[in-house]
Amino acid sequence: IKRGLEEEGMRIQVAADGESGLQAARRGDFELIILDLGLPGRNGLEVARELRADGNRVPILILTAQDSTEMKVRGFDTGADDYLTKPFAFAELLARLRALLRRTSSDDSIIQIGDLSLNLLNRRASRAGVEVQLTGKEFELLKCLMSHPDETMTRDTLSEKVWDGNFDQLTNVIDVYINYLRNKIDRNFE
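Counting in my numbering, the sequence shown tops out at residue 201, every number present.
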């Protein structure tokens, strides 16, 4: 799931047990939480209950093999916004995540600079009304740059925000991706 969501351009943090997941959710700035019920230590229902008791309003999607009506009702009553049972189609998971994000989005879901537009919900870019096809990493890089239009973005900053600092600083990966973006965004446009 982590790899698939990252391929869709999402930034993911995984917690191996209920306690570490609860602590991460309390100190993190997440747009959405995918929560399994069968977590070691604290189970998913306990985590959801505690988050809601804390006033945390981040959407929670429960993803579990427990498919009884009773468990679904308990999940929703505990604070889940959606409930998906295993096995599931990855496309359905993505659709449910997009729906949850749409419900909580505000007017800042589109970044517009000149005739360049970036829709953060459907992860699409367009220039002068023409859709620009971007890979997940290109999208994240463009989002980072467009979110800071009047700032100089250093290689270290881009490395941290777009690649989570997970590449060799001596490579020219950032230069390559900047070149990809320039070719896609500037070519054929004034």
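We put the beta carbon where it would ideally sit given N, CA and C, even for glycine.
Less than 8 Å between the CB atoms is what I'm expecting for residue i and residue j, so what's the real figure, rounded?
i: residue 65; j: residue 37; result: 7 Å
Can you find the residues in the same chain that come closer than 8 Å, C-beta to C-beta, to residue i, ignoring five residues on each side of it along the sequence?
i: residue 62; result: 33, 36, 37, 44, 69, 71, 90
i: residue 133; result: 109
i: residue 18; result: 147
Determine the DSSP secondary structure at residue i, reduced to helix, strand or coil.
i: residue 130; result: strand
i: residue 135; result: strand
i: residue 181; result: coil
i: residue 69; result: coil
i: residue 143; result: strand
Mind checking who residue i pairs with in its DSSP beta bridge?
i: residue 121; result: 130
i: residue 75; result: 96
Using C-beta distances below 6 Å, list every residue in its chain close to residue i, excluding the 5 sequence neighbours before and after it, in chain order.
i: residue 155; result: 172, 173
i: residue 120; result: 131, 132
i: residue 169; result: 185
i: residue 30; result: 52, 53
i: residue 122; result: 129, 157
What residues in its chain sit with their C-beta under 7 Å from that of residue i, if we drop five residues either side in the sequence?
i: residue 13; result: 23, 25
i: residue 135; result: 142
The beta strand (DSSP E) with residue i in it runs from where to where?
i: residue 93; result: 93-96
i: residue 46; result: 44-46
State yes or no: is the C-beta of residue i nearer than 7 Å to some heavy atom of the ligand GTP?
i: residue 111; result: Absence of the ligand GTP is noted for the structure shown, with no ligands found whatsoever.
Following the continuous alpha helix (DSSP H) through residue i, name the residue where it begins and the one where it ends.
i: residue 84; result: 80-89
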